[in-house]
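Using the working numbering, the letters of the sequence shown correspond one by one to residues 19 to 221.
A virtual CB, placed ideally from N, CA and C, is assigned to each residue, including glycine.
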Amino acid sequence: MIVLHYTAMADHAAAARVLCDPAREVSAHYLIGTDGEVLALVPEDQRAWHAGAGRWGCVTDVNSRSIGIELSNIGTCPFAAAQMDALCDLVASIMARWHIPAHRVIGHSDMAPGRKIDPGARFDWRRLAREGVSVWPALATPGDFRADLSRFGYTADVDDDTLLAAFRLRFRPRHTGPLDDTDRALAADLAARFGVDARGSPQ
């Protein structure tokens with residue numbers, strides 16, 4: 019899979035130094051600046067330490083099963099156009115090289131709900147879906163929200179409120195209030211069309 023992050027640092031050069039510092043024990047395969055510059059930091063066929071604790075579908079060691087992309091952004095401002103252009107191109111090329119389907123391009127907040135919120139509410143997931151490098155749900159017949167999200171990939175052991183918050187952060191970032199039929203309808207569509215591949219044993 020591909021996991022998207024933001025650096026939460028205002029200084030792009032400082033973020034690059036952190037990601038290349040062995041003492042920090044954090045790394046990513048790529049770092050993309052606001053100007054669209056793409057820095058390749060770890061070879062794609064090697065493990066980077068970008069995901070940490072969490073899971074997606076049956077995968078519990080996400081670092082060993084994913085390529086991590088960091089976006090230089092503090093988390094509270096829009097992502098630059100050049101940066102998004104570079105990201106879409108990079109994700110498309112990674113997907114082609116590793117045969118990764120669009121529904122396995124996720125955010126850090128998806129696989130670690132409650133622990134991480136990046137790439138955040140300002141990230142344009144709709145654009146990625148329009149370009150075929152992620153997915154976006156339509157409305158379906160509302161179903162069992164938790165069961166449907168589990169089929170989509172949200173399998174982390176979290177309570178209902180944390181799960182709802184993670185789902186909305188990506189798919190309804192400006193919506194508040196209790197779980198409603200729109201949440202259930204979107205989750206049902208994600209489960210029906212983009213169910214995670216759960217074959218095999220957990221990793």
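Segment limits, alpha helix (DSSP H) that includes residue 36: Numbered from 1 along the sequence shown, position 18 holds the residue referred to as residue 36. Where residue 36 is concerned, the enclosing alpha helix (DSSP H) stretches over 30 to 37.
Three-state class that DSSP yields for residue 187 in the structure shown: The residue labelled residue 187 in the question sits at position 169 within the sequence shown. In the structure shown, residue 187 sits in a helix (DSSP, three-state: H, G or I).
Would you decide whether residue 92 is buried or exposed? Buried here means 16 or more other CB atoms lie within 10 Å of its CB. Mapped onto the sequence shown, residue 92 falls at position 74. In summary, residue 92 is exposed, with fewer than 16 beta-carbon neighbours lying within 10 Å of its beta-carbon over all protein chains present.
Which one of 36, 47, 31 and 29 has the shortest CA to CA distance from residue 22? Residue mapping note: residue 22 aligns to position 4 of the sequence shown, counting from 1. Here the closest residue by C-alpha is 47.
Could you check where the beta strand (DSSP E) with residue 87 kicks off and where it finishes? What you label residue 87 is simply residue 69 of the sequence shown in a count that begins at 1. From DSSP, the beta strand (DSSP E) with residue 87 extends over 85 to 89.
Of all the options 38, 176, 97 and 197, which has the alpha carbon lying nearest to the alpha carbon of residue 163? On the sequence shown, position 145 is the one that residue 163 refers to. Selected option, being the one with the closest Cα: 197.
Bounding residues of the beta strand (DSSP E) (the contiguous stretch that carries residue 57): Reading the sequence shown from its first residue, position 39 is the one you call residue 57. Residue 57: member of the beta strand (DSSP E) spanning 56 to 58, first to last residue.
Span separating the alpha-carbon of residue 222 from that of residue 119: Residue numbering for the chain in the displayed model covers 19 to 221; residue 222 lies beyond these limits and cannot be assessed.
Classification of residue 220 by the beta-carbon crowding that lies within 10 angstroms, buried from 16 upward: Looking up residue 220 in the sequence shown gives position 202. Only weak support is given to the placement of residue 220: the predicted model assigns it a pLDDT of 41, under 50, and the value that follows is read from those uncertain coordinates. Residue 220 comes out exposed.
Residue 214 versus 181, 173 and 97, residue with shortest Cα-Cα distance: Stepping through the sequence shown from its first residue, residue 214 is reached at position 196. Closest option to residue 214, Cα to Cα, is 173.
May I ask you to list the residues that DSSP assigns as paired with residue 157? Along the sequence shown, read from residue 1 onward, the residue named residue 157 stands at position 139. Under DSSP, residue 157 shares a beta bridge with no residue.
Residue from 82, 135 and 72 with nearest C-alpha to residue 62: The sequence position of residue 62 within the sequence shown is 44, counting from 1. Minimum Cα distance to residue 62 is reached at 82.
Spatial neighbours of residue 96 in its chain, beta-carbon cut-off 6 Å, leaving aside the 5 residues before and after: Within the sequence shown, the letter at position 78 stands for residue 96. Same-chain partners within the cutoff: 140.
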